[in-house]
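In the working numbering, the protein residues as written are 30 to 506.
These notes concern the structure reproduced below.
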Amino acid sequence: MSSHAALEALADGFCMADAGYRITYWNAAAERLFGVSRAEALGRDLRSVVPGAGDPQLRERLARVAEQGAVLSLTVLSDRELFARHLSVHATPLQDGGIALHFRDATREQRLADQYEQLLESIRDGFIAADREARIVYVNRAAEVLVSLRRERAIGTDLWGLLPDEPAYLREAVRATLNDREPRTLAALFPEGRVFRGRSFDVSIHPLPDGGVSLLFEDVTERLAKEVELARLAAEAEEASRAKSRFFAAASHELRTPLNAIVGYTHLLATRTFGDVPAAAARASERACVCAEHLAHLVDDVLLLTTVEVDRLPIFPSPVSLQEVLPGMLQHLEQQAEAKHLEFRVDVPADLPPVETDPQRLRQVMTALVSNAIKFTPRGSVSVRARVVEDGGWMEIAVRDTGPGVPPEDRERIFHPFEQVDEGARSDSLNRGTGLGLTIARQLARRLGGDIVLRDGDAPGALFVLRLPMGAPGSSG
């Protein structure tokens, strides 16, 4: 037995049989694997000792090994009741006409393979596997349905016969993965051929450990159709938006001309430019003038939101000294505050450094914030204070009022278009506003690289804070 020392050291079962299938060698691992001692096995018919060897198909294949010199490699399930295992069998012909068999317990691997097969059978995507010679070895149920392919006919056939001629890059990708073992993904293929029925597929190509290749393909025909439909609807919506903008732009010219005339003539009447008028008529003229100005401002706000997207407004930053420009920006608003008997204060330290921003947009933001504070403050004061925050990278301009304040649950909502804390205020838009000022102000502030936040103050009322980067918009984090 010394000549078989290496075979005795094998962890797998190994045996040899002569031309009559009588066992001539039986190693120790075969004893352990099959529970048959060497003494019991030697001289007996191989087909009566080895589990599964009694299968007529296996016997036929073993005979082909001995007669034709072929090599057999397969997995079989033993036919013994006490030996329910899967065996990996490798048979090799011997020079004397006999055969040598190498057995390995492949039960665990077969169970894993069965689990993988169950998984592949349950998925909705088609799956086809081929060996290194591009022969199909597996087709799942979804693949049968998607490409009208019967697995019984497909197994063992050439993969190239299944793949369409067009698009050519599908074949090229499969061939490349077989050669370089790199996975590939192809999107939205539209293969030619009757079996594909005009469908589109996403295909993933992956190398297999044995040198073969797998194809996982998903039918994306409906998804692509939905994408086309969504693109069409988006184009229609975009055109509708452009049409709306064109309408508002045209309507603005038609609205502004008579509004400006109304404002001018009612102002002339109220100031008695045409001569004395009854006091009641003068008051009516003043009221008409205020209403016309309010309508003109509303038209301007709506146009700003609808015809010129705030995110696209041009920004022209320059050094702005708040000590010099802020009082002038707020002068007309100070008059409004005084008309309501509100105390109005502007606090800008003399040593405040300039801020790099667009003065025109800054004026729009500050006008919206301060006019909002005045509008919603029945008594008390409105104050404006500017300072540089501790890190030195931001300028903050705080607008504080002594009005009713904003509940915490409404602090984001009021920045939405046409939203106000008191919904009942819509019936008095002349005095209460339309709910567009804060929306535009925040969008402009963000366009300047900053933001507007509503903070908790030390006293009753609201505290709006405009934050602006000290450098040019977009240069600060």
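Ideal Cβ placement from N, Cα and C applies to all residues, glycine included.
Name the two residues that bound the continuous alpha helix (DSSP H) containing residue i.
i: Ile-403; result: 388 to 404
i: Phe-63; result: 57 to 63
i: His-131; result: Premise fails: His-131 lies in the beta strand (DSSP E), 128 to 134, not in any alpha helix (DSSP H).
i: Met-358; result: 351 to 358
i: Leu-192; result: Taken as a continuous stretch (DSSP letters only), Leu-192 belongs to no alpha helix (DSSP H), as it is neither H nor E.
i: Thr-468; result: 466 to 476
i: Asp-209; result: 197 to 209
i: Ser-77; result: 75 to 78
i: Arg-67; result: 67 to 70
i: Leu-36; result: 34 to 37
Under the rule that 16 or more other beta-carbon atoms within 10 Å means buried, what is residue i, buried or exposed?
i: Thr-206; result: buried
i: His-131; result: buried
i: Ser-177; result: exposed
i: Val-418; result: exposed
i: Ser-456; result: With a pLDDT of 43 at Ser-456, under the threshold of 50, the predicted position of this residue should be treated as unreliable, though the coordinate-derived value follows. With fewer than 16 Cβ atoms within 10 Å of its Cβ, Ser-456 is classed as exposed.
i: Arg-133; result: buried
i: Arg-179; result: exposed
i: Ser-400; result: buried
i: Glu-385; result: buried
i: Ala-260; result: exposed
i: Pro-356; result: exposed
i: Thr-286; result: exposed
i: Phe-493; result: buried
i: Arg-137; result: exposed
i: Leu-148; result: exposed
Strictly under 9 Å for the Cβ-Cβ distance: is residue i near chain C by that measure?
i: Leu-75; result: The chain inventory of the structure shown lacks chain C, comprising one protein chain alone.
Could you tell me the alpha carbon to alpha carbon distance between residue i and residue j, rounded to whole angstroms?
i: Leu-297; j: Lys-369; result: 24 Å
i: Ser-117; j: Gln-124; result: 23 Å
i: Gln-472; j: Ile-291; result: 31 Å
i: Gly-240; j: Ser-233; result: 17 Å
i: Phe-476; j: Val-435; result: Position check: residue 476 holds Arg in this sequence, whereas Phe was assumed. The straight-line gap from Cα to Cα measures roughly 25 Å.
i: Gly-421; j: Leu-495; result: 15 Å
i: Phe-444; j: Tyr-294; result: 35 Å
i: Leu-62; j: Gly-155; result: 39 Å
i: Ala-120; j: Asn-169; result: 30 Å
i: Arg-408; j: Leu-324; result: 26 Å
For the beta strand (DSSP E) that contains residue i, what are its first and last residues?
i: Ala-158; result: 155 to 159
i: Asp-430; result: 423 to 430
i: Leu-215; result: 213 to 218
i: Glu-247; result: 242 to 248
i: Glu-372; result: 372 to 376
i: Arg-484; result: 480 to 484
i: Arg-182; result: Premise fails: Arg-182 lies in the alpha helix (DSSP H), 180 to 183, not in any beta strand (DSSP E).
Check whether the region 175 to 192 and the region 208 to 217 are in contact - that is, three or more C-beta pairs closer than 8 Å.
no
Cβ contact check for the region 302 to 316 and the region 263 to 272: 3 or more pairs under 8 Å
No contact exists between the region 302 to 316 and the region 263 to 272.
Counting beta carbon pairs with one atom in the region 376 to 389 and one in the region 339 to 359, are three or more of them shorter than 8 Å?
yes
Could you tell me whether the region 249 to 264 touches the region 148 to 165, where touching means 3 or more Cβ pairs closer than 8 Å?
no
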